[in-house]
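Take a look at the structure below.
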Amino acid sequence: MDESAPNKRAGAIAALNDRFRTRFIGGSVLITSGLQALGPEFVAEALAKVRAFNGFTRDNDPYGEHDFGTVMVQGRKLFWKIDCYDPSMRYGSEDPSDPEITRQHDGEDAARDF
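In terms of the working numbering, the sequence shown is residues 250 to 363.
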């Protein structure tokens, strides 16, 4: 087996996740009611920080897929997580590296609520 194949696949998934995370195109974004209750300015700042996040390391991104991170917003630690679904958004994608059959879903939540 080609040992670079998993790395190429992870790189393709990371590229799709980065495109989605920075533009919010190709999927859906869920903001929990707890975060929405903090107001539209808070939500806008949180989304801007998720879009700008680029702090991936081996420790916080061991598979190299750029699918999870944390950001600080107004003193609150937030988690964001991208999951890859099939086009119906009912099941996991058969191949998250293939944009033709994958839709991303990004959820934002407070660390204490996660």
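Here a beta-carbon is modelled for each residue, glycine too, at the ideal position from N, C-alpha and C.
Query	Result
Please report how far the alpha carbon of Val278 lies from the alpha carbon of Ser253, in whole angstroms.	32 Å
Rounded C-beta distance between Val292 and Ile280? I'm assuming under 8 Å.	6 Å
Since Asp335 contacts Glu343 with CB under 8 Å, what's their CB separation in whole angstroms?	7 Å
Using DSSP with H/G/I as helix, E/B as strand and the rest coil, what is Ile331?	strand
Use the C-beta contact count for Asp308: other C-beta atoms within 10 angstroms, 16 or more gives buried, fewer gives exposed.	exposed
Considering Ser282, what are the terminal residues of the alpha helix (DSSP H) in which it resides?	Ser282 to Gln285
Per DSSP, what kind of secondary structure is Ser253 in: helix, strand or coil?	helix
Check each candidate in Lys330, Leu284 and Tyr312 and name the one with the smallest Cα separation from Lys257.	Tyr312
Ordered along the chain, which non-local residues of its own chain (more than five positions away) have a Cβ less than 6 Å from that of Asp358?	Thr281 and Phe328
How many angstroms separate the CA atom of Leu284 from the CA atom of Asp332?	19 Å
Looking at the structure shown, is Arg325 part of a helix, part of a strand, or coil, going by DSSP?	strand
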